[in-house]
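Chains as they are written, first to last, in this note's numbering: chain A, 85 to 483; chain B, 28 to 517.
Every residue gets a Cβ at the ideal spot worked out from N, C-alpha and C, and that includes glycine.
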Amino acid sequence: MAEFHPDSEDAVAGIVRSARDKAEPLEIAGGGTKRGFGRPVQAAATLSLDKLSGVTLYEPSELVIGAKAGTPLAEIERVLSGKNQRLPFDPPRLTALTGGDPAKASIGAVVACNLSGPRRVHAGAARDSLIGVRFVNGAGETIKSGGRVMKNVTGLDLVKLMSGAFGTLGVLTEVTFKVLPAPETEATLVFEGLSDEQAVACLSAGLCSPWEVTAASHVPATDGDPARTLLRIEGFESQMAYRGRVLAEALEDHGTPAILRGAESAARWAEIGELEPLGDVSSDAVWKLSTTPDRAPGVASAIRAANRNTMDARLFYDWGGGLVWVAVSPEGDAGAGAIRAAISPAGGHATLMRAPEEVRAAVDVFEPLPGPAMAMTRQLKQTFDPDRILNPGRMYAGV
Amino acid sequence: MSSLALPEVDETVLAKRDRILAQLEEIVGARWVISEEDELRAYETDALTAYRQMPLAVVLPATTEEVSRVLALLDAEGVKIVGRGAGTSLAGGALPLADSVVVGVSRMNRVLDIDSANRAIRVESGITNLAVSGAVEHLGFFYAPDPSSQLACTIAGNVGMNSGGAHCLKYGVTTNNLLGLTVVLIDGTVIELGGKHLDSPGFDLIGLISGSEGQLGLVTEAVLRILPKAEGARPVLLGFNSNADAGACVSDVIGQGLLPVAIEFMDRPAIRICEDFAHAGYPLDVEAMLIVEVEGSEAEIEEQLSKIVAVARDNGAVHVREAKTAAESAAIWVGRKSAFGAMGRISDYMCMDGTIPTGRLPEVLVKISEICEGYGLGVANIFHAGDGNLHPLVLYDVNDPEQLQKAEDCGADILKLCVEVGGCLTGEHGVGIEKRDLMTDQFNATDLDQQMRIKSALDPQWLLNPAKVFPLDGRPAPARPEPPVAGKAA
Chain A
85 MAEFHPDSED AVAGIVRSAR DKAEPLEIAG GGTKRGFGRP VQAAATLSLD KLSGVTLYEP
145 SELVIGAKAG TPLAEIERVL SGKNQRLPFD PPRLTALTGG DPAKASIGAV VACNLSGPRR
205 VHAGAARDSL IGVRFVNGAG ETIKSGGRVM KNVTGLDLVK LMSGAFGTLG VLTEVTFKVL
265 PAPETEATLV FEGLSDEQAV ACLSAGLCSP WEVTAASHVP ATDGDPARTL LRIEGFESQM
325 AYRGRVLAEA LEDHGTPAIL RGAESAARWA EIGELEPLGD VSSDAVWKLS TTPDRAPGVA
385 SAIRAANRNT MDARLFYDWG GGLVWVAVSP EGDAGAGAIR AAISPAGGHA TLMRAPEEVR
445 AAVDVFEPLP GPAMAMTRQL KQTFDPDRIL NPGRMYAGV
Chain B
28 MSSLALPEVD ETVLAKRDRI LAQLEEIVGA RWVISEEDEL RAYETDALTA YRQMPLAVVL
88 PATTEEVSRV LALLDAEGVK IVGRGAGTSL AGGALPLADS VVVGVSRMNR VLDIDSANRA
148 IRVESGITNL AVSGAVEHLG FFYAPDPSSQ LACTIAGNVG MNSGGAHCLK YGVTTNNLLG
208 LTVVLIDGTV IELGGKHLDS PGFDLIGLIS GSEGQLGLVT EAVLRILPKA EGARPVLLGF
268 NSNADAGACV SDVIGQGLLP VAIEFMDRPA IRICEDFAHA GYPLDVEAML IVEVEGSEAE
328 IEEQLSKIVA VARDNGAVHV REAKTAAESA AIWVGRKSAF GAMGRISDYM CMDGTIPTGR
388 LPEVLVKISE ICEGYGLGVA NIFHAGDGNL HPLVLYDVND PEQLQKAEDC GADILKLCVE
448 VGGCLTGEHG VGIEKRDLMT DQFNATDLDQ QMRIKSALDP QWLLNPAKVF PLDGRPAPAR
508 PEPPVAGKAA
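Below, the structure written as structure tokens:
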């Protein structure tokens, strides 16, 4: 398969125009670490943005950073940490799911997949920090939306549309984010031995408190390891002493927590963000469920029950319970029917984040949408990419 | 009426007025269709009072289902539709057209579900912004976006304009606080988006609807994120001898990793007007003033404020007043919060809403005063400094047509300046009719065509809130993107 590696936005536009003229669809890639996401794309060539790289704007006092879409996430994080700042939403690499070199994961992929880590429950998703985009649509036109200021309601918000569109509406060429000061330090309270229901109640109580819990996860017991329920707080050193104490007091019904401080706390959350609690998933299918937090334990127990005959489901909770990562057997429909049946009464959606290509071709990778939303989705695709040149079928057939 | 053009009135619609009214009455009941001139008068304008236009009728449905039937009817009849919350738009977003029916959501104002464990509230969209916070206050929660008009403005309008407020530096704007929406499309289709979970499956349709200014559909219900209230909050008032010092202080506070919940800026004219009105104890001998608010426990507030005051003194602060009590906090805020009312007492004004990169603040303020001097108009600056969202208030006499024209031209020049320095036309008020013709200063024809193709796809007859947001020429856009044509009207 042909590969293009344009080094300018104009070159990207030229490649898309020519692909449209020839009616030859393009697979869009950044660092290539997310190519195993979504439905398999039937494309004549790959358009890789790995040469479209570099920070284009960084104003620490304005809390804003912009970069070409192929810029490695690692480079963005390095530049930001030099000024004691960070992206607010803990972007994960997720190479445990897809393989590839985590150092190559690009900022464009973070946007295209709207990837957010543990801090999402507090600070919003990637799309909430994204304030500007430039992209090339399916006609090879270069379009901008948003900009470099954090408050901007001028015109339709295409910034949000581009985030989480998996490259099916446009080829991102440049993205701009609002950033935040990094806190002086952090701490994590760790409770042991809670059931899933108790744990989500504990996380919820923490998130409903005034002490700004910035991450809230529960890892159920596995062979040899007790269940652990984790709540993170961040801020000044003096704040951590105070908030750690009052938060532990407020949650004393759930036991006496151990406390992870500073780097130890940060390391634990980095592992959680990269799905370490699922263990080795190299022969599994992995699902990402977003649901109503206090309904999550019920969803999890239905999934456990449904999978008992194949392989035991391994799972853990993030985002206060509202996010459930599940590893199941990739056989058959990779658990799609049972998982979607379990989540349906609780509200939310399930995405198949890792599975063999033939499974991703056969089952709905993304939650099937109700009729009106699907109709709107097709209408939108038509306005951006009428000849379905960009990542066709990556999310939904015909989109 | 001033310079902004409205589309030609569709006489065929006026001719079938009686039949349309009868059909609307069948759907919502005669009582909720307003067609008498004296009653319609209340709907002829919004907070952009320079523009007035009586609509064909106003209809006030009570349910999503009624909204659906109303839209389906008006779509089939080819009648324009202007959605309306409380009519507080400063951009003319709710200005009626003579051949339009205003669909108001004021009767749909119920709280449907409070779910504190999942930190969410479901409401009908006609509820006021402040009533949402009021409904959850006893549980220790609040709804974060806090536009100045929050006593009156509705969630429908907030979603339509993607409204902000003073505290979005920390908590974000409306789109960052939405979990779900019920939207009625032009043909009456009801679409449910999101719920109590995070992130959308598929395209971010909630993100697209938010801030779409009633162009794509009408929002009838919303699931909103509610947040636990901080233990406490206190502001400090800082006075400076120059706008530049105050601007540099804002940059330094942020640069040092402090993140206040609000940083409000007022220049000398604004300070004087607010002080005369509210007697807040503002210093009258300074050129610029900041109100910086932090949250947390007493000790946390103390620590953050002392750091902020130190930064302020390094930047030449000549006046520092820390609120020590709730009453002192309220006194500091009362002037700022009554600013627009205070201003209205001494003069008519146009409230601009551009955003700029905060680093350009001092030079932009100088240029704004030069622009206003050039038109012979006064200006007072009040704005959210932390995020660069400016609100220059251009003072003029509404009864003097020449001054109104000057004020509009002056405002346009200020907004063009915002775009020039890397900012945008509107940070939180929306484009509406007010900034419609300036869109070509921020976007080129290709950018606008992409937006208008979306409009055309979801509202093929351009019936929803027409004559707003998009310039009148060059539309409707082609349904499919074609290569740009040289010389095409932008």
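- Three or more beta-carbon pairs separated by less than 8 Å are not found between the stretch 257-277 of chain B and the stretch 206-216 of chain B, which leaves the two stretches without contact.
- Ranking A:Gly421, A:Ala189, A:Leu147 by CA distance to the CA of A:Val233 puts A:Leu147 first.
- Contact between A:Lys135 and A:Asp94 is absent: CB atoms are separated by about 13 Å, not below the 8 Å threshold.
- Between A:Ala103 and the set A:Val125, A:Leu131, A:Gly406, the nearest pair of CA atoms involves A:Leu131.
- Apart from the 5 residues on each side of it in sequence, A:Asp417 sits with its Cβ closer than 8 Å to the Cβ of Val443, Ala446, Val447 in its chain, given in chain order.
- A:Ile227 reaches chain B at Thr473, Asp474, Gln477, counting residues in chain order whose Cβ is nearer than 7 Å.
- At least one C-beta of chain A is nearer than 8 Å to the C-beta of B:Arg146.
- The continuous alpha helix (DSSP H) containing B:Arg340 extends over residues 325-341.
- With contact defined as three or more Cβ pairs closer than 8 Å, the stretch 291-301 of chain B and the stretch 164-174 of chain B are not in contact.
- Interface annotation, B:Cys301: not in contact with chain A, CB-CB separation never under 8 Å.
- One Cα belongs to A:Gly201, the other to B:Val109, and the distance between them is close to 40 Å.
- Fully enclosed alpha helix (DSSP H) runs of no fewer than 4 residues occupy 242-246, 280-291 of the stretch 222-301 of chain A, in order along the chain.
- Assignment of alpha helix (DSSP H) within the stretch 158-205 of chain A, counting only whole runs of 4 or more residues, yields 179-182, 191-196 in chain order.
- Secondary structure note for B:Arg149: its beta strand (DSSP E) is the uninterrupted segment 147-151.
- A straight-line Cα-Cα distance of about 22 Å links B:Asn416 and B:Ala179.
- The beta-carbon of A:Met437 is placed no less than 8 Å from the nearest beta-carbon of chain B.
- Around the CB of B:Arg463, 16 or more other CB atoms lie within 10 Å, so the residue is classed as buried.
- Assignment of alpha helix (DSSP H) within the stretch 344-414 of chain A, counting only whole runs of 4 or more residues, yields 346-357, 380-391 in chain order.
- Of all residues in the stretch 198-212 of chain B, the ones placed with a Cβ closer than 8 Å to any Cβ belonging to chain A are Gly199, Val200, Thr202, Asn203, Leu212, in chain order.
- Comparing alpha carbon positions, the residue from B:Pro419, B:Gln478, B:Asp476 closest to B:Gly454 is B:Pro419.
- Taken through DSSP and simplified to helix, strand or coil, B:Arg387 comes out as helix.
- Sixteen is the threshold: when 16 or more other Cβ atoms of the shown chains lie within 10 Å of the Cβ of B:Ala273, as they do, the residue is buried.
- In this structure, the straight-line span from the alpha carbon of B:Asn189 to that of A:Ala107 is close to 38 Å.
- Within the stretch 419-436 of chain A, Gly431, Gly432, His433, Thr435 place their CB atoms closer than 8 Å to a CB of chain B, listed in sequence order.
- A straight-line Cα-Cα distance of about 33 Å links B:Gly284 and A:Ala180.
- When DSSP states are grouped into helix, strand and coil, A:Ser132 belongs to the strand group.
- Contact between the stretch 271-279 of chain A and the stretch 308-323 of chain A is present: 3 or more CB-CB pairs across the two stretches fall below 8 Å.
- A direct Cα-to-Cα measurement between B:Ala337 and A:Ser322 gives close to 18 Å.
- Sequence-distant partners of B:Leu48 (beyond 5 residues in either direction) whose C-beta falls short of 7 Å from its own C-beta, in its chain, are Val60, Ser62, Ala84.
- Secondary structure in the stretch 448-501 of chain B: the alpha helix (DSSP H) runs of 4 residues or longer, each lying completely within the stretch, are 466-469, 472-485 in chain order.
- If you draw a 10 Å sphere on the C-beta of B:Ser333, you find fewer than 16 other C-beta atoms in it, and that means exposed.
- Taking each of A:Leu264, A:Phe468, A:Val259 in turn and checking the Cα distance to A:Glu318, the smallest one comes out for A:Leu264.
- Per the Cβ contact rule, the stretch 218-237 of chain A is in contact with the stretch 137-156 of chain A (3 or more Cβ pairs under 8 Å).
- Distance check between B:Leu254 and each of B:Leu245, B:Val361, B:Ala144 places B:Ala144 closest, using alpha-carbon atoms only.
- In this chain, the beta strand (DSSP E) harbouring B:Tyr423 covers 416-423.
- Counting other Cβ atoms within 10 Å of its Cβ, A:Asn393 stays below 16 and is therefore classed as exposed.
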